[in-house]
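Protein chains: 2
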Amino acid sequence: MEYKIGLIGCGTVGQGLLEILDRKSEHLRDAYDFEARLVAVSDKLKGSLLVPEGIDIRKLLGLLAEGKPISAYEDPKKPKYEVSDPLDMIEKTDADIIAELSYTDIKTGEPATGYIRKALRTGKHVVTSNKGPAALHYRDLADLARKNGLQFRIEGTVMSGTPVFHLCESGLAGNDIREVKGILNGTTNFILSKMEQDGMEYSDALALAQKLGYAEADPTADVEGFDALAKIVILSNVLLGGNVQTSEVQRTGISGISKIDVAAAKAAGFRYKLIARTVKRDGKIEASVSPQKLPLSDPLAGVMGAQNALTFDTDLMGKITIQGAGAGKIETGYSILSDMLAIHRCKKN
Amino acid sequence: MEYKIGLIGCGTVGQGLLEILDRKSEHLRDAYDFEARLVAVSDKLKGSLLVPEGIDIRKLLGLLAEGKPISAYEDPKKPKYEVSDPLDMIEKTDADIIAELSYTDIKTGEPATGYIRKALRTGKHVVTSNKGPAALHYRDLADLARKNGLQFRIEGTVMSGTPVFHLCESGLAGNDIREVKGILNGTTNFILSKMEQDGMEYSDALALAQKLGYAEADPTADVEGFDALAKIVILSNVLLGGNVQTSEVQRTGISGISKIDVAAAKAAGFRYKLIARTVKRDGKIEASVSPQKLPLSDPLAGVMGAQNALTFDTDLMGKITIQGAGAGKIETGYSILSDMLAIHRCKKN
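Taken in order, these protein sequences are the chains called A and B. Count along the first sequence from 1, then add 9; that gives the number in the working numbering. Count along the second sequence from 1, then add 9; that gives the number in the working numbering.
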């Protein structure tokens, strides 16, 4: 079964997805009866492209690698149409699925939310790894999708392609999820791991994280817990059925934690982790992000470096923990493929 | 959507399933549009029952709790028919799904395999937590199901209801799984944990496990690795596409490990675990069960007590680890429900 794909955003994640679609096309066709035809691409900085008969993914990746604009793409055999921007692309394409991979704005959710609404209104499924729309407008967007008989899928918004929503949707179906807690930010987990394992000061560990590309020049979103906050809001609203707003979440980052705090915790048999947690109590949902001293027996305590992990507390299965990558070009690119395959499973049955 | 269910085996797991179906019927109907009507039950020791209009689950659980035979069930409003044994029940019932929960014989796979074949030949989906048929005849039974347009599902054969096959089917779809390794036997993990944490001798830790009901009077199947072996054969054949026979698996148990070995490993920063492992190399699959000294940084090293865990090594997502219950009445009963919900998702879409 072939799906026409429209791609918004051609940065790291978009290129990761394209690499996977190129590398695994044969396997996906043979093992899953899934074929992707890339029909449109639009990136605010790199330009746009509409080729209904299908874009040669490898050729496009070559252009991007050379730093050329997307509009430089040429295929003498297949007509190419003018597109001005993502909204124009959504308007003009007959794609079945829009992969929304533009940049994240956690304060406004824009421009991604506008793209997603337009795609859902024009009959296209949407898959995204963008935390903005999911943290701010999940309920609205999921309702809009449902009304139009479409899917709005967001596996990549939490723990990249490590299965979180897929896990709960299928493997834990029928369970009541009472609590979700975990390590949802790799940068802070890397810093805390370095402070404990190598006795580094916070500032040195942060500088190392920046040097290795784990932390950005302005590390606020990670170290002050805003990134984990967006993710725990998403988990609250999708898995616990809440309607939690980002402003309601108690948040403390790790910048106040010293080498001495970490060493003292270690000496007492504990380990500092930045824990994002959401819990349902008497019908009310409470979400928080804060550094916690975990006993070493907690499955989350063993999660070191840039890894992420989540523990689900359920009524039938007790506690289930999943650990895996929390970021990465291929890992987040895969989250988009996994959501496309979920749409495909629904269509196929 | 209502499914008629035929149940074979009314021991711990069967009763766990019935408790869940009773307790969660409303939630399953409202949230998943799933309703189960129990139409037949057959247990070699406890008797059989065929009530096409539906058996009152709570009343049946009451009888079982009192130690009465299943045939003592009476409902003046709903006709009850004579059934002699599970094969006769499969013949006579019009169930949509057979839940096969009879006892496990890992050497012959019988009588469960015979029940499963008959059910698939008479047009019924089969879900089972029985390791015998899955370890010895997975390929055959899966082929038979496919030919008849049916499903043969086995979530409960490995790690009870902790999602293993569901995880790979949906959340990891598209990945090539290169290796699966983990802790698949709670009894041996409990014993090794006690030997390390409380400095117990193997024999004392085993006696404690027996006292607490984690180990059986004859503990051979657990401590010599036969239980883990059956599970790693299933994982080899289902997830890695192999055709591994139980006789091909290298197996070493934990009975040769002493308190001194465990203490020496601990002093060197390692921890003994009984590791079941299967790996694909140059198209060949090699499976083994043996005690391994893991570095404490391995996610499996932190899995203590009767918990189970598995690490999947994949081409796109790297390593993904899942940890959860490996046994239990409700936990294994849930595995059957989760497979029924998977059949339902396929029908519904």
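Just so it is clear, CB atoms sit at the ideal spot from N, CA and C, and this is done for glycine as well. Model, not experiment: these values are computed from the prediction.
When you compare only the Cα positions, how much space is there between VAL48 of chain A and ASN157 of chain A? Stepping through the first sequence from its first residue, residue 48 of chain A is reached at position 39. Stepping through the first sequence from its first residue, residue 157 of chain A is reached at position 148. If I take the Cα positions, the gap works out to 22 Å.
For GLU188 of chain A and LYS289 of chain A, the rounded distance between their alpha carbons: The residue you call residue 289 of chain A lines up with position 280 of the first sequence. The residue you call residue 188 of chain A lines up with position 179 of the first sequence. Near 6 Å, if we compare the C-alpha coordinates of GLU188 of chain A and LYS289 of chain A.
Scan the region 136–202 of chain A and note each continuous alpha helix (DSSP H) run of 4 residues or more that stays entirely inside, going in chain order. 140–156
I need the straight-line Cα distance from LEU217 of chain A to ALA121 of chain A, nearest angstrom please. For the purposes of this step, residue 217 of chain A is taken as the residue at position 208 of the first sequence. For the purposes of this step, residue 121 of chain A is taken as the residue at position 112 of the first sequence. Cα to Cα, LEU217 of chain A sits roughly 32 Å from ALA121 of chain A.
What residues in its chain sit with their C-beta under 8 Å from that of SER138 of chain A, if we drop five residues either side in the sequence? Working through the first sequence from its first residue, we reach residue 138 of chain A at position 129. Taken in chain order, the residues that qualify are VAL22, LEU110, ILE163, GLU164, GLY165, THR166, SER169, THR341, SER344 and ILE345.
Looking only at C-alpha atoms, which of A:GLN254, A:SER347, A:LEU244 and A:LEU16 sits nearest to ASP322 of chain A? Here the question's residue 322 of chain A lines up with position 313 in the first sequence. Checking every option, the nearest Cα to that of ASP322 of chain A belongs to A:LEU244.
In chain order, which beta strand (DSSP E) runs of at least 3 residues are fully inside the region 283–307 of chain A? 293–304
Note down the Cα distance separating ASP307 of chain A from LYS116 of chain A, rounded to an integer number of angstroms. Locating residue 307 of chain A in the first sequence gives position 298, where the first residue counts as 1. Locating residue 116 of chain A in the first sequence gives position 107, where the first residue counts as 1. Cα to Cα, the separation comes out at about 33 Å.
Would you kindly check if the distance between the Cβ of THR255 of chain B and the Cβ of SER299 of chain B is under 8 Å? Position 290 of the second sequence, counted from the first residue, corresponds to residue 299 of chain B. Position 246 of the second sequence, counted from the first residue, corresponds to residue 255 of chain B. Cβ distance not < 8 Å, so SER299 of chain B and THR255 of chain B don't count as in contact.
Figure out for me which residue from A:TYR124, A:GLY141 and A:ILE241 has the closest Cα to the Cα of LYS133 of chain A. Stepping through the first sequence from its first residue, residue 133 of chain A is reached at position 124. Here the closest residue by C-alpha is A:TYR124.
Can you name the residues of chain B whose CB is closer than 7 Å to the CB of HIS175 of chain A? For the purposes of this step, residue 175 of chain A is taken as residue 166 along the first sequence, with counting starting at 1. Within chain B, the residues near HIS175 of chain A are SER179 and GLY180.
Does the distance from the C-beta atom of LYS302 of chain B to that of GLU210 of chain B stay below 8 Å? Here residue 302 of chain B corresponds to residue number 293 of the second sequence, with the count starting at 1. Here residue 210 of chain B corresponds to residue number 201 of the second sequence, with the count starting at 1. It is not a contact, given that the beta carbons lie outside the stated cut-off.
Using a 10 Å radius around the Cβ and a threshold of 16 neighbouring Cβ atoms, would you call ASN252 of chain B buried or exposed? Within the second sequence, numbered from 1, the residue matching residue 252 of chain B stands at position 243. Flag for ASN252 of chain B reads exposed.
Starting from ILE14 of chain A, trace the beta strand (DSSP E) in both directions and tell me its first and last residue. Position 5 of the first sequence holds residue 14 of chain A. Residues 11–17.
Could you have a look at LYS275 of chain A and say whether DSSP puts it in helix, strand or coil? Position 266 of the first sequence holds residue 275 of chain A. It is helical.
Residue burial classification, MET10 of chain A (beta-carbon count within 10 angstroms, cutoff 16): As a first step, residue 10 of chain A must be located in the first sequence, where it is residue number 1. The residue in question, MET10 of chain A, is exposed, as its Cβ has fewer than 16 Cβ neighbours within 10 Å.
Does DSSP put GLY63 of chain A in a helix, a strand or coil? By 1-based counting over the first sequence, the position of residue 63 of chain A is 54. Residue state, collapsed to three classes: coil.
Would you report the Cα separation of GLN160 of chain A and ASP324 of chain A, rounded to the nearest angstrom? As a first step, residue 160 of chain A must be located in the first sequence, where it is residue number 151. As a first step, residue 324 of chain A must be located in the first sequence, where it is residue number 315. Roughly 28 Å separates the two Cα atoms.
Residues of its chain near GLY118 of chain B, where Cβ-Cβ distance is below 7 Å and the 5 sequence neighbours each way are ignored: Position 109 of the second sequence, counted from the first residue, corresponds to residue 118 of chain B. Around GLY118 of chain B: GLY141, PRO142, LEU145 and HIS146.
Name, please, each residue of chain A whose Cβ falls closer than 7 Å to the Cβ of LEU221 of chain B. Against the second sequence, residue 221 of chain B aligns to sequence position 212. Those within 7 Å of LEU221 of chain B in chain A number zero; the least Cβ separation is about 17 Å.
Contact under 8 Å by Cβ, LYS338 of chain A with GLY25 of chain A: The residue labelled residue 338 of chain A in the question sits at position 329 within the first sequence. The residue labelled residue 25 of chain A in the question sits at position 16 within the first sequence. Yes. Within cutoff.
So, is GLN259 of chain A buried or exposed, given that buried needs 16 or more other C-beta atoms within 10 angstroms? Position 250 of the first sequence, counted from the first residue, corresponds to residue 259 of chain A. So GLN259 of chain A ends up on the exposed side.
Would you mind reading off the limits of the beta strand (DSSP E) that contains GLN332 of chain A? Locating residue 332 of chain A in the first sequence gives position 323, counting from the first residue. GLN332 of chain A -> beta strand (DSSP E) spans 327–333.
Relative to the ligand ADP, is the shortest distance from any of its heavy atoms to the C-beta of PRO61 of chain B smaller than 7 Å? Here there are no bound small molecules, and the ligand ADP is not part of this structure.
Minimum Cβ-Cβ distance from GLU44 of chain B to chain A less than 8 Å: Position 35 of the second sequence, counted from the start, is the residue given in the question as residue 44 of chain B. No, no contact with chain A.
For a contact defined as C-beta to C-beta under 9 Å, what are the partners of LYS156 of chain B on chain A? For the purposes of this step, residue 156 of chain B is taken as the residue at position 147 of the second sequence. In chain order: nothing, as chain A lies at least about 18 Å away.
Work out the CA separation of ASN246 of chain A and PRO228 of chain B for me, nearest whole Å. Your numbering for residue 228 of chain B matches position 219 in the second sequence. Your numbering for residue 246 of chain A matches position 237 in the first sequence. The straight-line gap from Cα to Cα measures roughly 46 Å.
Spell out whether any CB of chain A is found under 8 Å from the CB atom of GLU11 of chain B. As a position in the second sequence, residue 11 of chain B is number 2, starting the count at 1. With 8 Å as the cut-off, GLU11 of chain B does not count as an interface residue toward chain A.
Residue burial classification, TYR82 of chain B (beta-carbon count within 10 angstroms, cutoff 16): As a first step, residue 82 of chain B is located in the second sequence; it is residue number 73 there, counting from the start. Buried, because 16 or more other Cβ atoms sit within 10 Å of the Cβ of TYR82 of chain B.
Assign ASP103 of chain A to one of three DSSP states: helix, strand, or coil. Translated into positions along the first sequence, residue 103 of chain A becomes position 94. Coil.
What three-state label does DSSP hand ALA45 of chain A in the structure shown? Along the first sequence, one-based indexing puts residue 45 of chain A at 36. In the structure shown, ALA45 of chain A sits in a strand (DSSP, three-state: E or B).
Within this structure, are the beta carbons of GLY195 of chain A and ASN317 of chain A separated by less than 8 Å? Taking the first sequence and counting its residues from 1, the one referred to as residue 195 of chain A is at position 186. Taking the first sequence and counting its residues from 1, the one referred to as residue 317 of chain A is at position 308. Contact flag set, yes.
Hey, would you say VAL232 of chain A sits closer than 8 Å to ALA296 of chain A, going by beta carbons? Sequence index remark: in the first sequence, residue 232 of chain A carries index 223 (1-based). Sequence index remark: in the first sequence, residue 296 of chain A carries index 287 (1-based). For VAL232 of chain A and ALA296 of chain A, no; Cβs fall outside 8 Å.
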